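Data block below; observations after.
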Amino acid sequence: KKIVYSGIQPSGSLTIGNYIGALKNFIGLQDEYNCLYCIVDLHAITAPQEPKDLRKNTLDVLALYLACGLDPEKSIIYIQSHVPEHAELAWVLNTYTSYGQLGRMTQFKEKSQKSKEVLAGIFNYPVLMAADILLYGTHLVPVGEDQRQHIELTRDIAERFNRRYSDTFEVPDILAPKVGARIMSLQDPAHKMSKSDENSDGFILILDSEKDTEKKIKRAVTDSLGTFAYSDDQPGLKNLIDIYCAFSTLSADEVVAKYEGQGYGAFKSDLAQVVNDGLRPIRERFKTIRDDKAYLESVYTEGAARASRMAQKMLRKVYKKVGFIPR
Ligand code: TYM
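For the sequence shown, counting from 1, position 131 maps to 133 in UniProt numbering; every step adds exactly one.
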């Protein structure tokens, strides 16, 4: 069986962008592949985190994983900092990654432009991500479009290492969803939906109330053209249609056919209902799972044990190739 690997940062509450671009697609892969799903707390601290919030958010993401249908019987579900090999492999991979390459990462450029002090951690972030992926012999990485460049860098690092020594790492492929790989802000369709947006009308959280979900959709920016079309000239509407498709079985064309000739209002109320219907079972399950501390602990403990066995094997192999003396 091929190996699937992905992770989500516990740096806040997850949005429907995270859900549509990544989390939703994790579920179906579980039967066909050996999947590892990580909560990447080492990545989260590349932005300042309040310790108690980080602890809460880490367990929230874990409970959301489970509420969405990740199954610890099928997949390895664990917390990144529980498996020290991630940081250890990242150090080695740093020596196969160029400064220039990291400086060209668009996510680094965006984040470093916004902050007055640029931390080394944010610069090295993609190397740690490469370590996550390469540590497990990963074939496929289900992520949103914004991670494509990081996956390409990961491939590059793997190939460079393999050339220098011998075949060690699997060279992974990205697995981005056909619809919804880049969900945009509801307030500004030129920017991606992000949990760090200061305007909370720009995003819908998976755990938002049904009322808030409806409110935010009603307030979503569209256009004054008034025609119902799936077009780059109407990026706000296009984004809403993408969201509709992600929560229904309809294609964009079918959604257009359904609402053609109507105003945006009717579409927006239906969209709110489709999104709330889709998220309702997750929102309900979340509460019960999140309260069950013992269960959560058993899931991440077991997950870390299973991930560790794989990670240790790979790190040993890497250390040997590099020329470190085994203990
Ligand atoms: P993170 O935590 O920012 O986002 C988690 C996942 O959600 C996707 N995503 C989106 N998809 C569509 N539209 C959006 N607006 C949107 N916003 C976020 C992201 O593409 C991602 O798949 N670097 C990663 C975490 C990571 C990782 C890894 C992923 C660390 N190590 C190894 C895969 C494999 C990140 O910051 O995701």
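Every residue gets a Cβ at the ideal spot worked out from N, C-alpha and C, and that includes glycine.
Note that this is a predicted model, so its numbers are computed, not measured.
Quickly, what does DSSP pair residue i with across the bridge? List them, please.
i: Asp-175; result: Leu-142
i: Thr-17; result: Leu-207
i: Met-186; result: Lys-194
What are the boundary residues of the beta strand (DSSP E) that includes residue i?
i: Val-6; result: 5 to 10
i: Leu-38; result: 36 to 41
What first and last residue would you give for the alpha helix (DSSP H) that runs through residue i?
i: Leu-239; result: 237 to 248
i: Tyr-302; result: 295 to 324
i: Ile-135; result: 122 to 136
i: Ile-159; result: 150 to 166
i: Lys-197; result: That residue, Lys-197, is in no alpha helix (DSSP H); it is neither H nor E in DSSP.
i: Ile-219; result: 212 to 221
i: Val-258; result: 254 to 261
i: Glu-119; result: Careful: Glu-119 lies outside any alpha helix (DSSP H) and carries neither H nor E.
i: Leu-31; result: 26 to 31
i: Leu-104; result: 101 to 105
Within 10 angstroms of its Cβ, does residue i collect 16 or more other Cβ (buried), or is it exposed?
i: Thr-156; result: buried
i: Arg-166; result: exposed
i: Gly-265; result: exposed
i: Leu-44; result: buried
i: Leu-227; result: exposed
i: Asn-278; result: buried
i: Arg-292; result: buried
i: Asp-134; result: buried
i: Ile-159; result: buried
i: Phe-326; result: exposed
i: His-193; result: exposed
i: Gln-115; result: exposed
i: Val-324; result: exposed
i: Ser-168; result: exposed
i: Gly-102; result: exposed
i: Gly-146; result: buried
i: Asp-235; result: exposed
i: Glu-161; result: exposed
i: Thr-290; result: exposed
i: Thr-97; result: exposed
i: Glu-52; result: exposed
i: Val-85; result: buried
i: Thr-60; result: buried
i: Pro-128; result: buried
i: Val-143; result: buried
i: Thr-251; result: exposed
i: Asp-33; result: exposed
i: Val-120; result: exposed
Do you know whose CA, among the options, lies nearest residue i's CA?
i: Met-195; options: Pro-328, Ile-245, Gln-151; result: Ile-245
i: Lys-3; options: Arg-221, Val-145, Thr-140, Ser-117; result: Thr-140
i: Ser-271; options: Asp-158, Pro-74, Gly-105, Ala-222; result: Ala-222
i: Ser-100; options: Asp-199, Leu-91, Glu-52, Phe-125; result: Phe-125
i: Ile-78; options: Gly-105, Asp-55, Tyr-261, Ile-41; result: Ile-41
i: Glu-256; options: Gly-238, Gln-236, Ala-231; result: Ala-231
i: Ile-219; options: Ser-202, Val-94, Gln-151; result: Ser-202
i: Gly-267; options: Ser-253, Thr-251, Leu-242; result: Leu-242
i: Pro-74; options: Gly-105, Glu-52, Cys-37, Arg-106; result: Cys-37
i: Leu-68; options: Met-131, Pro-191, Asp-190, Asp-294; result: Asp-294
i: Pro-179; options: Gly-19, Gly-23, Asn-96, Leu-273; result: Gly-23
i: Gly-305; options: Arg-106, Leu-273, Lys-76, Pro-237; result: Lys-76
i: Phe-205; options: Ile-47, Lys-213, Phe-288, Leu-16; result: Leu-16
i: Pro-12; options: Leu-31, Asp-55, Val-6; result: Asp-55
i: Leu-207; options: Tyr-261, Leu-136, Ser-187; result: Ser-187
i: Ser-117; options: Ala-49, Cys-70, Ser-250; result: Ala-49
i: Pro-283; options: Phe-249, Asp-148, Gly-123; result: Phe-249
i: Ser-8; options: Val-258, Gly-280, Arg-329, Met-131; result: Met-131
i: Leu-298; options: Lys-197, Gly-19, Ala-254, Tyr-80; result: Tyr-80
i: Val-301; options: Ile-18, Arg-329, Val-63, Gly-263; result: Val-63
Chain C beta carbons: is any one of them nearer than 9 angstroms to that of residue i?
i: Leu-317; result: The structure shown contains no chain C; it holds only a single protein chain.
Any heavy atom of the ligand HEM inside 8 angstroms of the beta-carbon of residue i?
i: Val-42; result: With respect to the ligand HEM, the structure shown offers nothing to examine, as its ligands consist of the ligand TYM.
**Q.** alpha helix (DSSP H) runs contained entirely in the stretch 53 to 93, provided each spans 4 or more residues
**A.** 53 to 70
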